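Down below is the structure, laid out as C-alpha cells.
Residue numbers (the numbering used here): 1 to 149.
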C-alpha cells in the first residue's frame, strides 16, 4: 500500500491542494453571506428563502464535499512514506489547525440551521469577527507546512 501511495504522491498532493482551495473559498464566503443575511434580510421574506438556498447549496454541495476530500487526500499524504516526520513540530501545529478548521466548518453548519429555523441570534458584527478565524488558521497551516516550524 505504501508503494502505491508513493507512486500517486504528486496526484494526491495536487488533489489535496485543489480540495483545500475549494473548502477555504466556502469557509471564507459562508460567514460573509451570514453577515448580509443578518443585516439586510427580513426573516420569512423571499430574500430570506434565497439566502437560505444559497447558504445550503454552498455548505452541502461545495464545502462538505471539499472538506471530505481535503481530509481523504490529507490522510493519504500523511500515510505516504517519507512525507511527514511526526518528531517535528509542524505536523502537529498543522493537525491542530485543521481540526479547529473542521470544528469551525461544523459551527457554520449549525449557524445555517439557525437561519433555516428562523432562530439566528448573532449579529453581523459577530459573523464578521468569526470570518477572521479561518484566516488565522490558514496562516498557521501554510506557515507550518512551508516553513516547517
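Ideal Cβ placement from N, Cα and C applies to all residues, glycine included. Just so you know, these numbers come straight off a predicted model, no measurement behind them.
- When the five nearest sequence neighbours on each side are left out, the beta carbons in the same chain lying within less than 7 Å of the beta carbon of residue 100 are those of 137, in order along the chain.
- For residue 136, the enclosing alpha helix (DSSP H) stretches over residues 133-147.
- Sequence-distant partners of residue 121 (beyond 5 residues in either direction) whose C-beta falls short of 8 Å from its own C-beta, in its chain, are 114.
- The C-beta distance from residue 12 to residue 76 rounds to 5 Å, short enough to meet the 8 Å contact threshold.
- Annotation note: the stretch 46-97 contains the following uninterrupted alpha helix (DSSP H) runs of length 4 or greater, listed N- to C-terminal: 46-57 and 64-78.
- The beta carbon of residue 16 lies closer than 7 Å to those of 70, 73, 74 and 77 in the same chain, with the five residues before and after it left out.
- Assignment of residue 121 by DSSP, reduced to helix, strand and coil, places it in the coil class.
- In this structure, the straight-line span from the alpha carbon of residue 61 to that of residue 36 is close to 21 Å.
- Separation of residue 47 and residue 105 (C-alpha to C-alpha, rounded to the nearest whole angstrom) is 24 Å.
- Residue 115 sits in a helix when the DSSP states are folded into three classes.
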